[in-house]
Structures are given as structure tokens and as C-alpha cells.
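Per the UniProt record's numbering, the very first residue in the sequence shown carries number 1; after that it's consecutive. Note that the Cβ used here is the ideal one computed from N, Cα and C, for glycine as well. Just so we're clear, the structure is a prediction, and the values are computed from it rather than from any experiment. In what follows, a structure is listed as C-alpha cells, so that the remarks can point back to it.
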Amino acid sequence: MKAGEHPPPIEIKSAREAVGLTQAAAASLVYCNVNTWQKWESGYSKMHPGFWELFKIKTRRSKR
């Protein structure tokens, strides 16, 4: 995935599960509603790349 692209739903879910977070905890981490997080994971809506970067930074999954 290139910088600035929307992450695929499966990547969002697998990243969350890899760090042992619930959907509610992950949503709280990036300051969004749990329903929004669920929509991102289900593919109903696309996660903005900024939220993805914030999630990676806060869970130390960011590639440097």
C-alpha cells in the first residue's frame, strides 16, 4: 500500500487483531466512533489514510 491510499478492510482488521485491540479500543485510539471503525473493517466505508497513519503510529506499526 502506498502512502496516502485507503487501507483495505482486511488489513485494518488484521492490524487491530495483531495488537490485541477490540474494535471499541481501536476506535478510541484514533478518536472515532466504534460504528465508524466497524464500517471501515466491513468495507462499508473507506478509512481515511490519516486515521490509518495515526493507528499505525499509536500501535507502533508504522514503517520508517
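Neighbour-count burial assignment, residue i, 16 or more Cβ in a 10 Å radius
i	result
Glu41	buried
Ile10	exposed
Alpha carbon of residue i to alpha carbon of residue j, nearest angstrom
i	j	result
Trp37	Lys46	10 Å
Gly50	Thr59	14 Å
Tyr31	Lys2	23 Å
Asn35	Glu53	19 Å
Gly4	Ala27	20 Å
Helix, strand or coil at residue i according to DSSP, with G and I counted as helix
i	result
Pro9	helix
Ser28	helix
Gly50	helix
Asn33	coil
Lys2	coil
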